[in-house]
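Beneath this line is the structure, given in structure tokens, with notes to follow.
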Amino acid sequence: MSAVEQDSGTQASWKDDAGRDLVRNAGERFALFVRGEGSSLWDDEGRRYLDFLGGIAVTSLGHAHPVFVQAVAQQAATLAHVSNFFATPPQLALAATLKRLAGAGEAGRVYFGNSGAEANEAAFKLARLHGRGSDGTDTRPRILALTNAFHGRTMGTLALTGKSYMQEPFAPMVPGVEFLDSTVEALEAAMDDRVAALFVEPIKGEAGVVPLPEGYLEAARELTARHGALLIIDEIQTGAARTGSWFAFQRAGIVPDAITVAKGIGGGFPIGALITFGAASDLFTPGSHGSTFGGNPLGTAVADAVLAEIERAGLVENARQRGIQLREQVAALGSTLVEGCRGEGLLIGVALTAPVAPAVVAAAQQHGLIVNAANDSTIRLAPALTIGDVEIDEFTRLFSRALATVQDALLLDAQTPTSEVPA
Ligand SMILES: *Cc1c(COP(=O)(O)O)cnc(C)c1O
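Quick note: the sequence shown uses the numbering used here, first residue 417, plus one each step.
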């Protein structure tokens, strides 16, 4: 059935299809999106939405950016895939770009996968290789990660993810991972010479855009170095200029042993990478890891074009400036539902004074704004890095209306005990 033939039963029919055909790992989908441009999305009924989620910090250049479109089309028409038995120019170009932007230096190396989880799987294996003594014995069996951090949903990365409700249904976990509170004291207490690696997110995105304490990365670098453990920083959500620097760790002025990237580097094309620094770059040897699709010329050409456009258009600085502007606008709303903002650049968690984030998301969608509830009391904003005054003004207007809608429902709820906050 074409869009023209469809009647008002359209909505029911795609929801039926989704309910019947898709694995039930997600809740009911709110909309059927058919097109995007810049920070706009359109659903199947022609309704426009302002996108301030960016597919969870993925569409760095917005939707259907000419640079992205051109890179996909041109590389698809040139060479899309040959396998890792061979090298291709886009793969080598992107590896060099990532090494330069991350400051990985001459010794740095890049492993390509197709997602964040695959990048972190590679990092997990890197940690195990580091943990093996030269005679193959497991001299460093301990891997440290932080409570509430998120590193992915595959079995290896789930073992690194400090959320028991995610792990429990899939137990037993890959062994060896211990979870710590995100304090320097907890790290000091846990660190010894049997630790292979410490995994950290500079800002815990999935936990609600929660930054590490001031000075944590510096202390983590010092402690891991002192005990010979790797410091592995998960920049999957925070990388690619999202937080107003190329990578969030760079603001701490440290050099990690490895970082992982994905989400924003492809601007919507699925790609992930592990970037190693220094001696950690020599841990993988021929045959120790691999991926059929990883580093294919199509994905790497697109990511290299996206990163080049971020650089050309000054979007690192834009993310920083617009982040400040957005925070000021949210504060200026003076809503009693807003406690304040966390995060950096254009990765923002709006902390609410009540656990009504799902209701705010639903109200925002009714008003034509896409945001996400990172947890019950945090709204996550991760718009395109290209946003300007027009998008920020529209966001402010729509977000203010969404907050007012929920506020009204709460007041009504307080007056008439039987009424409900919109779900
Ligand atoms: C999204 C995310 C991942 C997982 O990436 P996928 O592409 O979903 O596998 C891992 N770590 C962090 C910090 C993330 O935000």
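Note that beta-carbon positions come from the ideal geometry of N, C-alpha and C, so glycine has one too.
Helix, strand or coil: which one does DSSP assign to ILE795?
-> ILE795: strand per DSSP, three-state reduction.
With SER476 and ASP467 assumed to form a contact (beta carbons below 8 Å), what rounded beta-carbon distance in angstroms separates them?
-> That pair is no contact at about 12 Å.
Local Cβ density within 10 Å of ASP829, reported as buried at 16 or more and exposed below that = Exposed is the call here.
Check: ILE652 C-beta below 7 Å from any heavy atom of ligand 1 = Under cutoff, so the answer is yes.
Using 7 Å as the cut-off, classify the Cβ of ALA853 as near or not near the heavy atoms of ligand 1, replying yes or no.
-> This structure cannot settle anything about residue 853, because the visible part of the chain is limited to 417 through 839.
Other residues of its chain near LEU517: CB distance less than 6 Å, five sequence neighbours each side excluded | So the qualifying residues of the chain are TRP662.
In angstroms, rounded to a whole number, what distance separates the CA positions of VAL746 and LEU753?
-> The alpha-carbon atoms of VAL746 and LEU753 are separated by roughly 11 Å.
Can you grab the Cα-Cα spacing for the pair ALA419 / GLU461, in whole Å?
-> Reliability of the predicted coordinates at ALA419 is poor, the pLDDT of 45 falling under 50, and the value obtained from them is presented with this limitation in mind. Approximately 9 Å between the Cα atoms of the pair.
Does DSSP put ARG463 in a helix, a strand or coil?
-> The three-state secondary structure of ARG463, taken from DSSP, is coil.
Look at the alpha carbon of GLY761 and the alpha carbon of ASP551, and state the distance between them as a whole number of angstroms.
-> The alpha-carbon separation between GLY761 and ASP551 amounts to approximately 46 Å.
Candidates ALA790, ALA520, THR802, ARG817: closest to PHE566 by CA position = When only C-alpha atoms are compared, the closest one is ALA790.
Taking the DSSP output, what are the residues bridged to TRP458?
-> According to DSSP, which records beta bridges pairwise, TRP458 is partnered with ARG451, ARG464.
Just curious, the alpha helix (DSSP H) that ILE675 is in, first and last residue?
-> From DSSP, ILE675 is part of no alpha helix (DSSP H) but of the beta strand (DSSP E) over 674-677.
Between SER398 and the rest of its own chain, which residues show a CB-CB distance below 7 Å, the 5 nearest in sequence each way excluded?
-> The first residue shown for the chain is 417 and the last is 839, placing residue 398 beyond what the model contains.
Skipping 5 residues on each side, what residues in its chain have a beta carbon closer than 6 Å to that of LYS431?
-> Excluding residues within five positions, none has a Cβ falling inside 6 Å.
Let me know the alpha helix (DSSP H) ranges lying completely inside the stretch 611-665, each 4 residues or longer, listed in chain order.
-> Listed in chain order, the complete alpha helix (DSSP H) runs (minimum 4 residues) inside the stretch 611-665 are 632-642.
Kindly indicate which three-state DSSP category VAL420 falls into: helix, strand or coil?
-> At VAL420, the pLDDT of 45 sits below 50, so the modelled position is not reliable and the matter cannot be decided from this model.
HIS705 to TYR581, Cα distance in whole Å?
-> If you draw a straight line from the Cα of HIS705 to the Cα of TYR581, it comes to about 30 Å.
Kindly give me the distance between the Cβ atoms of ILE764 and VAL625, rounded to whole angstroms, as I take these residues to be in contact under 8 Å.
-> The C-beta separation of ILE764 from VAL625 comes to about 6 Å, placing the pair in contact by the 8 Å criterion.
Exposure label - ALA695; buried when at least 16 CB within 10 Å | Exposed, since its Cβ has fewer than 16 Cβ neighbours within 10 Å.
Selection from THR494, ALA561, GLY454 that minimises the alpha carbon distance to GLY715 | A check of alpha carbon separations from GLY715 across THR494, ALA561, GLY454 identifies THR494 as the nearest.
Do the CB positions of GLY655 and VAL474 come within less than 8 Å of each other?
-> Contact flag unset, no.
Could you spell out the range, first to last residue, of the alpha helix (DSSP H) harbouring GLY715?
-> Unbroken alpha helix (DSSP H) run through GLY715: 713-728.
Kindly indicate the opening and closing residues of the beta strand (DSSP E) around ARG558.
-> Counting along the chain, the beta strand (DSSP E) containing ARG558 begins and ends at 558-562.
What span of residues does the beta strand (DSSP E) with GLY765 cover, start to end?
-> 763-768 is the extent of the beta strand (DSSP E) around GLY765.
Taking C-beta to C-beta, are SER793 and ALA775 nearer than 8 Å?
-> Cβ distance not < 8 Å, so SER793 and ALA775 don't count as in contact.
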